[in-house]
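Visitor: Submitted below is the structure of interest, expressed as structure tokens.
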Amino acid sequence: MINLIKNELNKVFKKKTIYIMLVIFIVFALFNVIVQKYSAGRYGDYVTEEYEVYKAQIERLDPNNAERLDTYIDVKASMDFYEIVLQYEAGTWRRAYVASEKSGVRQIVMDMTRARYLSRDEEKYDESKSRLDKLLADINVRDWDYIMRADLEQKKESLAGLQASSASAKLEIANAQVEIDALEMRLKYNIPYGDDSKKDYRAFAINDYISYEQALNFYTYGESGENANERELAKRTFVNQSAKARYIVETGDNLNEQSLRTIVADGDFMLLIILLIVMVAGVIVCDEFNKGTIKLLLIRPHSRAKILLSKYVASLIMIVVSAAMVYAIHIIIGGIFYGFGSLNMPVVNWNFADNSLSVMHPIAYLLLKLWVVLPKLILVTTIAFTLSALFNNGTVATLLALLASIGEPIVELVMNRYDLDFMRYFITTNWDFSSYLFGGQSSIEGMTMGVSLAICAAYLLVMMIVALWRFQCEDIKNI
Amino acid sequence: MSTILKCEKLVKDFGRKRVLKGVSFSVESGDILAFIGPNGAGKTTTIKLILGLQSITEGKVFINGINAKERFTKAIARVGAIVENPDLYMYTSGYDNLKMIARMYKNVGINRIDEVVKLVGLGKRIHDKVSKYSLGMRQRLGIAQALLHSPNLLILDEPTNGLDPEGIKEMRELLVNLAQNEGMAILISSHNLSELENFCNKVCIIKNGEIIEMSDINEVKQGAKIVFDLGHTLQKFALTREEIPYKVRELVAQGDDLYGVYEDAITLENAFFEKTGGNIID
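Chains A and B, in that order, give the protein sequences.
The working numbering applies: residue 1 is where the first sequence begins, and numbers increase by one.
The working numbering applies: residue 1001 is where the second sequence begins, and numbers increase by one.
This is the structure:
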């Protein structure tokens, strides 16, 4: 049997298919890495650009034209606002703070502009102007943490107000609490206000933390249309994302940075892996029939069942070969572009099984990720293999198996859209165990890992019996 | 002499069509059996039933006394064969092909591969890709893979196809040697009938799924005729050597001009056409 498997692998590696796919993998990996590398990491100074835009616009507008006064006020206020922002050096916390909504500078500038052009109330203008001067003077002399503490105090006050009032919704209170937590985190981990771009990844993570926590609050306290299962799934996503954001803030590891590590941990190369395995499994039986070489195999002292099984085992081994090829190529090419250092940074996930943070090496995470899609890979291989044995047509076998794997989300969509509950027993709805990772649950309500495994095993068994039966009683036609 | 291959009343149906209607014959050790018949007579089907490539509708096949239907892997262990064409893995070398075949048997080592390669005369070309081989070379490689595990029954379907005269001569010598010195039983089907008559010792003629002649080659050849060339016509008579002078006198007495008298060198092919009544598939 081992010799038969060796022969089958020998044939696979002697054929051109695998080398053509190798080239495709390399081209894909190069494309993937280059696009990732050069699409990210460019941050222009938007403030100057905005200022120029408004400045150009204002020259074409007339404050005395009553019809377009609103537009004039908007443009003028924006231009004045950016002029103020530009007084601060780019990249400093002051500039970021002045530019952000938090400081309130933009609102005051707007008030001033309205006072002058709309209500033509110079007194009000002066009042606003002095407010602005005071605010800017404060910003100019104070440290960032002083300002932040002031903001924090203010937020705490308003939270206390909300808690005191019986009318306030739970959601509102929870969201206010999140903002307070975020500010406390900033103070604790020395994260000044930034321009919130990805460049300042810790500040970015703080913002992520706020939005995921608030989204979580919405699904906890708010009114959303989803059913209980969908809500639970959404909540789990936000818990996980928020835990990751928190991890970035606390450790300073930039988990979102585009690097070799993100290619390994987040890259989805399922289709590439499947492409090679169906191209092998889809022809491994029928090629011998079509070329007449099956006769070379069947007149040997081995039963047909053994010969078919050796081909099946060789196809399964190709799963490992295919996955190894795809990832090895990505790691090598990614390493050339990014260096291999990022592989030291862990992959972080919230583990719902024991409600703790799971911190893993990227390669370990990759293996875990492949392990949970192994049933899918095995079943796709089996589909291609069985169809190939059944119809003796490699194209049909390869394409149908590929279609089954690509059609997975479509099946689930149709199932949810039309409420077709029987589709939960389909092969595609059960073969991917990724959702069970880290104590997760199935996207289909009531499905458990055990049930899905049993369904997968049943499909596998039926397909293998059909293939064996067909291969056993097949007459070798004249060629 | 022991019986190596024995077919008993083999019947094969394809759907409603009965392509083999009770084929029985046997091959002894040391025999070279010419298995001949027109296209569609059932030659290849018979071979496929023997080799287990197609299921047997009725009847039995015994190889080395083992029922091939019941204990296939044991029965087939000492059989080497080429069916239809020498179909080999074109994308790899001849040597690789042989190595893969060798792996399927227990006791076939590298030495045996080299031996067989030498035997069929492939020489250094064995390391070339099979797709670069001529048909004749593929035929040689086909024989090599059939001989690799030292079988005692060799079944060859059209083995001379594509070989040049030199190659045919070599193969003939090889097969005669195997039959005579190693006691191998050989079953050859071929369309190239004139090539077979020189070295096979038995002939089996099949037509429309039935064996219509099964005898020693010499018996088939008997019934040779003497041709009398009368200028305007050729007359043929089945005569013994002693009867010829009398016939000559008889013809001369009739006033015929006799231009020549010679033995009609009846070939297997003629005998074949006589028996089958030409190449008609029903």
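Here a beta-carbon is modelled for each residue, glycine too, at the ideal position from N, C-alpha and C.
1) In the DSSP assignment, what residue or residues form a beta bridge with M1214 of chain B?
2) D287 of chain A CB to nearest chain B CB: under 7 angstroms?
3) Can you look up R1071 of chain B in the DSSP assignment and give me helix, strand or coil?
4) Counting only Cβ-Cβ distances shorter than 9 angstroms, please list the residues of the stretch 1040 to 1063 of chain B near chain A, keeping chain order.
5) In the stretch 1101 to 1132 of chain B, which residues sit with their C-beta less than 8 angstroms from some C-beta in chain A, listed in chain order?
6) Check whether the stretch 1029 to 1049 of chain B touches the stretch 448 to 463 of chain A, counting contact only when three or more Cβ pairs, one atom from each stretch, lie closer than 8 angstroms.
7) Considering only the alpha carbon of each residue, which of A:R186, A:R236 and A:F438 lies closest to T251 of chain A?
8) Output needed for W431 of chain A: all residues of its chain with C-beta closer than 6 angstroms, excluding positions within five of it in sequence on either side, in chain order.
9) Can you tell which of A:A314, A:F28, A:M447 and A:L297 has its C-alpha closest to the C-alpha of T1073 of chain B?
10) Which class does T1003 of chain B belong to by DSSP, given the choice of helix, strand or coil?
11) Just tell me which of A:L368, A:L183, A:A281 and A:I108 has its CA closest to the CA of A205 of chain A.
12) Among B:I1212, B:E1058 and B:Y1095, which has the Cα closest to the Cα of I1142 of chain B?
13) Under 8 angstroms Cβ-Cβ, which residues of chain B neighbour L9 of chain A?
14) Does DSSP put W469 of chain A in a helix, in a strand, or in coil?
15) For R95 of chain A, does the count of other Cβ atoms within 10 angstroms reach 16, so buried, or fall short, so exposed?
16) Pick from A:I210, A:V313, A:I73 and A:T429: whose alpha carbon is nearest that of N242 of chain A?
17) Three-state secondary structure (DSSP) at D1282 of chain B?
18) Just verifying my parser: in three-state terms, what is the DSSP assignment at L272 of chain A?
19) Name, going along the chain, the residues of the stretch 300 to 312 of chain A whose beta-carbon falls closer than 7 angstroms to a beta-carbon of chain B.
20) Beta carbon of D80 of chain A, beta carbon of V98 of chain A: below 7 angstroms?
21) Is DSSP giving F1035 of chain B helix, strand or coil here?
22) Return the CA-CA distance between L1174 of chain B and V1261 of chain B, expressed in angstroms with no decimal places.
23) Run down chain A in chain order and give the residues with a C-beta less than 9 angstroms from the C-beta of Y1091 of chain B.
24) Nearest by alpha-carbon distance to Y247 of chain A: which of A:N349, A:I332 and A:I410 is it?
25) Among residues of its own chain, excluding the 5 on either side of L129 of chain A, which ones have a beta-carbon nearer than 7 angstroms to its beta-carbon?
26) For L4 of chain A, which residues in chain B fall below 9 angstroms Cβ to Cβ?
27) Hey, V33 of chain A and G339 of chain A: beta-carbon distance below 7 angstroms or not?
28) Under a Cβ-count criterion, where at least 16 other Cβ atoms within 10 Å of its own Cβ denotes burial, should M1 of chain A be classed as buried or exposed?
29) Are the C-beta of D475 of chain A and some C-beta of chain B separated by less than 7 angstroms?
30) Determine the extent of the alpha helix (DSSP H) in which M1104 of chain B is found, giving its start and end residues.
31) Can you list the residues of chain A that D1096 of chain B reaches, using a CB-CB cut of under 8 angstroms?
32) Which of the three DSSP states, helix, strand or coil, is assigned to V388 of chain A?
33) Can you give me the Cβ contacts of I1280 of chain B inside the same chain, cut-off strictly under 6 angstroms, excluding the 5 residues immediately before and after it?
34) Please compile the residues from chain A whose C-beta is within a distance smaller than 8 angstroms of the C-beta of D1087 of chain B.
35) Comparing C-alpha positions only, which one of A:S119, A:M447 and A:D151 sits nearest to G104 of chain A?
36) Terminal residues of the continuous alpha helix (DSSP H) containing L433 of chain A?
Guide: Quick answer:
1) What you label residue 1214 of chain B is simply residue 214 of the second sequence in a count that begins at 1. B:C1204, per the DSSP bridge assignment.
2) Counting from 1 along the first sequence, the entry for residue 287 of chain A is found at position 287. Chain B has no Cβ within less than 7 angstroms of the Cβ of D287 of chain A.
3) Residue numbering aside, residue 1071 of chain B sits at position 71 when the second sequence is read from its first letter. Correct three-state label for R1071 of chain B: coil.
4) T1044, T1045, K1048, L1051, G1052, L1053, Q1054 and S1055
5) I1101, R1103, M1104 and Y1105
6) Contact fails: fewer than three Cβ-Cβ distances are below 8 angstroms.
7) Against the first sequence, residue 251 of chain A aligns to sequence position 251. Of the listed residues, the one whose Cα sits closest to T251 of chain A is A:R186.
8) Looking up residue 431 of chain A in the first sequence gives position 431. Cβ within range, chain order: P375, K376, L379 and C456.
9) By 1-based counting over the second sequence, the position of residue 1073 of chain B is 73. Selected option, being the one with the closest Cα: A:L297.
10) Translated into the one-based positions of the second sequence, residue 1003 of chain B becomes position 3. T1003 of chain B: strand per DSSP, three-state reduction.
11) Residue 205 of chain A sits at position 205 when you count from the first residue of the first sequence. Residue A:L183 is the option with its Cα nearest to A205 of chain A.
12) On the second sequence, residue 1142 of chain B is found 142 positions in, with the first residue counted as 1. Before going on, a small fix: residue 1142 of chain B reads as Gly here, not Ile. Of the listed residues, the one whose Cα sits closest to G1142 of chain B is B:Y1095.
13) Here residue 9 of chain A is taken as the residue at index 9 of the first sequence, counted from 1. Here the premise fails: no neighbours, minimum Cβ distance about 11 angstroms.
14) Residue numbering aside, residue 469 of chain A sits at position 469 when the first sequence is read from its first letter. In the structure shown, W469 of chain A sits in a helix (DSSP, three-state: H, G or I).
15) Here residue 95 of chain A corresponds to residue number 95 of the first sequence, with the count starting at 1. Looking at its Cβ environment, which holds 16 or more other Cβ atoms inside 10 Å, R95 of chain A is buried.
16) Along the first sequence, one-based indexing puts residue 242 of chain A at 242. First, the residue type needs correcting, since residue 242 of chain A is Ser and not Asn in the sequence shown. Taking only the C-alpha atoms, the option nearest S242 of chain A is A:I210.
17) Taking the second sequence and counting its residues from 1, the one referred to as residue 1282 of chain B is at position 282. Caution applies to D1282 of chain B, whose pLDDT of 44 falls short of 50 and renders its modelled position unreliable; the value that the coordinates give is listed next. DSSP places D1282 of chain B in coil when its eight states are reduced to three.
18) Position 272 of the first sequence holds residue 272 of chain A. Residue state, collapsed to three classes: helix.
19) R300, P301, H302 and S303
20) Working through the first sequence from its first residue, we reach residue 80 of chain A at position 80. Working through the first sequence from its first residue, we reach residue 98 of chain A at position 98. No, the pair does not count as a contact, with Cβ atoms beyond the cut-off.
21) Residue mapping note: residue 1035 of chain B aligns to position 35 of the second sequence, counting from 1. F1035 of chain B falls in the strand class under three-state DSSP.
22) Reading the second sequence from its first residue, position 174 is the one you call residue 1174 of chain B. Reading the second sequence from its first residue, position 261 is the one you call residue 1261 of chain B. Straight-line Cα distance between these residues: approximately 38 angstroms.
23) Here residue 1091 of chain B refers to the residue found at position 91 of the second sequence. Within 9 angstroms Cβ-Cβ: K11, K14, K15 and K16.
24) Translated into positions along the first sequence, residue 247 of chain A becomes position 247. For Y247 of chain A, the nearest C-alpha among the options comes from A:N349.
25) As a position in the first sequence, residue 129 of chain A is number 129, starting the count at 1. Leu is not the amino acid found at residue 129 of chain A; the sequence shown has Lys there. Cβ contact annotation for K129 of chain A (same chain, cutoff 7 angstroms, sequence separation greater than five): M112, in chain order.
26) Here residue 4 of chain A refers to the residue found at position 4 when the first sequence is read from its first residue. The contacting residues are R1103 and M1104.
27) Here residue 33 of chain A corresponds to residue number 33 of the first sequence, with the count starting at 1. Here residue 339 of chain A corresponds to residue number 339 of the first sequence, with the count starting at 1. Cβ atoms of V33 of chain A and G339 of chain A: not closer than 7 angstroms.
28) The sequence position of residue 1 of chain A within the first sequence is 1, counting from 1. Around the beta carbon of M1 of chain A, fewer than 16 other beta carbons sit within 10 angstroms, so the residue counts as exposed.
29) Along the first sequence, read from residue 1 onward, the residue named residue 475 of chain A stands at position 475. D475 of chain A counts as touching chain B.
30) The residue you call residue 1104 of chain B lines up with position 104 of the second sequence. Counting along the chain, M1104 of chain B falls outside any alpha helix (DSSP H), and DSSP gives it neither H nor E.
31) On the second sequence, position 96 is the one that residue 1096 of chain B refers to. Per Cβ cutoff of 8 angstroms: N10 and K14.
32) As a working mapping, residue 388 of chain A is identified with position 388 in the first sequence. Here residue 388 of chain A is Ser; the residue named in the question, Val, does not match the sequence. Of the three classes helix, strand and coil, the one that applies to S388 of chain A here is helix, per DSSP.
33) For this step, residue 1280 of chain B is matched to residue 280 along the second sequence. With a pLDDT of 46 at I1280 of chain B, under the threshold of 50, the predicted position of this residue should be treated as unreliable, and no value is reported.
34) Within the second sequence, numbered from 1, the residue matching residue 1087 of chain B stands at position 87. Simply K291, G292, T293, K295, L296 and I479.
35) Counted from its first residue, the first sequence places residue 104 of chain A at position 104. Checked all of A:S119, A:M447 and A:D151; the closest Cα to G104 of chain A is A:D151.
36) As a first step, residue 433 of chain A must be located in the first sequence, where it is residue number 433. Going by the sequence as given, residue 433 of chain A is Phe instead of Leu. Looking at the DSSP string, F433 of chain A is not in any alpha helix (DSSP H), and its letter there is neither H nor E.
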